[in-house]
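In the numbering used here, the protein residues as written are 25 to 404.
Glycine is no exception: its CB is placed at the ideal position from the N, C-alpha and C atoms.
Scroll down for the structure; my scribbles are underneath it.
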Ligand SMILES: [Zn+2]
């Protein structure tokens, strides 16, 4: 007969129980310690089995004693297994029910785990597939529909932002932009926003908006060309359209919940200027932007020099050094939507160094006219 380690609970025993041994006989259970203190011998027929424990799978055997109720549970799972296998196949009230209960409990848990696992896998697949779904959906949108989407976004944006479609700043942007996009399947439109934030963004269908804040920050036409080439790639690769389809999905949910069309229009218009792309998408736009510049014989060095400037400005901003400047926190927008600047600079420089372009040249622009117009905006 083997001894089974148990914990005994009962009157005058510590609340946490007492470690003891039990030996199962033919008709009784003997509980003892080496010192024989608190020793008990209980007839099997006097025992009552019940289910305890956090997972509802622990066997507790209890009995009535004149001093009060006693009970014990096996020390651990292996001791419990030993106890169950040594208990004779006689009726201990509740034992059959216990076995049934623990079996169904374990089924409940297994069922829950299984269900949860399936849900987790389904959710994971959905997230993974979601990108594929929007990519597929974007590929199904015709150029004409994309243009219409872009125009309606532009319309609502124009109402709130007062976009410029003419003037020296627009001329500079358009001249460089048209050089980059010559031969594209899109017919690009170029706009300048008076917004002082350092930002530029792409709207589906070939609409590019450059903020006044960004135009103030670029020091050379090649830097501006690099920014434009990056944004153009968000159009060419349909990143902007995909983002719009994403927010359209969200808009559908908002519409269903709030039934508010205005909220949806506001969301779409706000989303376009603050849209966030993943690091992968941004890097894609960077490298394809460089390829685009080089294919037009435009020196791509402006890409890394502009990013370095952004990074320096953001650091200055974080350190609070430019508080005295007229526009202290203007880099925030483009910077926050284009994360991991240092990694991007490294990737850009690596690519440019390994793809030298001997025929590439620097561009010209009418810097004086551009500055004069930007200063004019500032003075207003
Ligand atoms: Zn971008």
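Residue i and residue j: beta carbons closer than 8 angstroms?
i           : j           : result
residue 230 : residue 174 : yes
residue 398 : residue 193 : yes
residue 98  : residue 55  : no
residue 307 : residue 368 : yes
residue 384 : residue 323 : yes
residue 62  : residue 42  : yes
residue 316 : residue 222 : no
residue 16  : residue 260 : As shown, the chain starts at 25 and ends at 404. That puts residue 16 outside it, with no answer to give.
residue 269 : residue 161 : yes
residue 214 : residue 236 : no
residue 107 : residue 87  : no
residue 304 : residue 379 : no
residue 181 : residue 188 : no
residue 372 : residue 403 : no
Quick check on this structure: which residue in the options has the alpha carbon closest to the alpha carbon of residue i?
i           : options               : result
residue 239 : 265, 196 and 226      : 196
residue 67  : 233, 116, 300 and 404 : 116
residue 110 : 72, 52 and 91         : 52
residue 218 : 234, 46 and 211       : 234
residue 204 : 253, 220, 91 and 163  : 253
residue 46  : 226, 378, 27 and 198  : 27
residue 37  : 91, 176, 381 and 50   : 91
residue 267 : 206, 159 and 404      : 159
residue 76  : 394, 101, 57 and 188  : 101
residue 408 : 69, 50 and 244        : Here the chain comprises residues numbered 25 to 404, so residue 408 is not present and cannot be evaluated.
residue 364 : 168, 339 and 320      : 339
residue 185 : 392, 165, 220 and 395 : 220
residue 335 : 48, 320 and 370       : 370
residue 381 : 49, 166, 321 and 176  : 321
residue 93  : 35, 224 and 343       : 35
residue 332 : 216, 392 and 366      : 366
residue 178 : 164, 216 and 401      : 216
residue 69  : 81, 40, 39 and 112    : 112
Report back the beta-carbon spacing between residue i and residue j to the nearest angstrom; my notes put them in contact at under 8 angstroms.
i           : j           : result
residue 95  : residue 33  : 5 angstroms
residue 250 : residue 330 : 6 angstroms
residue 247 : residue 326 : 4 angstroms
residue 228 : residue 264 : 5 angstroms
residue 210 : residue 201 : Their Cβ separation, rounded to whole angstroms, is 11 angstroms, which puts residue 210 and residue 201 out of contact at 8 angstroms.
residue 83  : residue 104 : 6 angstroms
residue 226 : residue 258 : 4 angstroms
residue 44  : residue 65  : With a Cβ gap of about 13 angstroms, residue 44 and residue 65 do not count as contacting.
Considering residue i, what are the terminal residues of the beta strand (DSSP E) in which it resides?
i           : result
residue 247 : First-last for residue 247: 245-260, but that is the alpha helix (DSSP H), not the beta strand (DSSP E).
residue 42  : 42-48
residue 84  : 82-89
residue 212 : Counting along the chain, residue 212 falls outside any beta strand (DSSP E), and DSSP gives it neither H nor E.
residue 106 : Taken as a continuous stretch (DSSP letters only), residue 106 belongs to no beta strand (DSSP E), being part of the alpha helix (DSSP H) at 101-110.
residue 408 : The requested residue 408 is not part of the displayed model; the chain covers only 25 to 404.
residue 93  : 92-98
residue 73  : 72-76
residue 27  : 27-33
residue 67  : 64-67
residue 226 : 224-227
How far does the alpha helix (DSSP H) with residue i in it extend, from its first residue to its last?
i           : result
residue 174 : 167-185
residue 301 : No alpha helix (DSSP H) holds residue 301; DSSP gives it neither H nor E.
residue 204 : 192-205
residue 237 : 236-241
residue 391 : 391-403
residue 383 : Counting along the chain, residue 383 falls outside any alpha helix (DSSP H), and DSSP gives it neither H nor E.
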